[in-house]
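As C-alpha cells, the structure follows; a few thoughts come after it.
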Amino acid sequence: MKLGIPVKIENITRAKLQLLRPFLKELTTLEITIVAAMLDKKMLLLDRDNKSQLMIALDLGVHNFNNNIKRLADKGVLYLPENSKVWKLNPRVEQLTADNSITVEFQPYE
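Position in the sequence shown (from 1) plus 2 gives the number in my numbering.
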C-alpha cells in the first residue's frame with residue numbers, strides 16, 4: 003500500500019522526523035524541531051556558532067536548548083566524537099531523512 007502525505011516544502015524534514023519518531027527513541031516535539039532545523043540548515047556539527055544560530059532561529063533560551071541537546075545525545079541522535087568538544091549529528095538520522103519516501107516493512111515473528 004502506498005499513502006501520499008501532502009506536506010509543505012518547508013516542513014518536509016520535520017514531517018519525516020515525526021513519521022520516524024518510533025524509530026528515533028520517541029523524540030519530543032522540540033527535539034524534532036531542533037534536529038529538523040539542523041538538517042534544513044545542513045548543520046552536521048553543533049559548534050558554538052551553530053548553537054547560537056539555532057537558539058536564535060528557534061527562539062530558545064540557553065538552558066532549555068542545552069537540556070534538549072543533552073537529551074538528543076542520550077537518545078543517540080547527537081554524539082561527541084573521541085577527542086572532540088563539538089557535537090555531531092548521527093549519520094543515521096541524516097540518512098533516514100535523505101529521501102522523500104520511506105518504506106516500512108513489517109517483519110512478523112513469534
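C-beta atoms are modelled at their ideal positions from N, C-alpha and C, and glycine is treated no differently.
At a Cβ-Cβ threshold of 9 angstroms, K27 and V79 count as neighbours. DSSP, reduced to helix, strand and coil, places K77 outside both helices and strands of the structure shown, so it counts as coil. The straight-line gap separating the alpha-carbon atoms of K10 and K18 is approximately 12 angstroms. Listed in chain order, the non-local C-beta contacts of R16 below 8 angstroms within the same chain comprise I34, T35, A38, local neighbours out to five positions each way being set aside. According to the DSSP secondary-structure assignment, K44 is paired through a beta bridge with no residue. Residues of the same chain with a CB within less than 7 angstroms of the CB of L41, apart from the 5 flanking positions on each side, are T15, E96, T99 in chain order.
In this structure, L56 lies away from L47, with their beta-carbon atoms at least 9 angstroms apart. If you draw a 10 Å sphere on the C-beta of N70, you find 16 or more other C-beta atoms in it, and that means buried.
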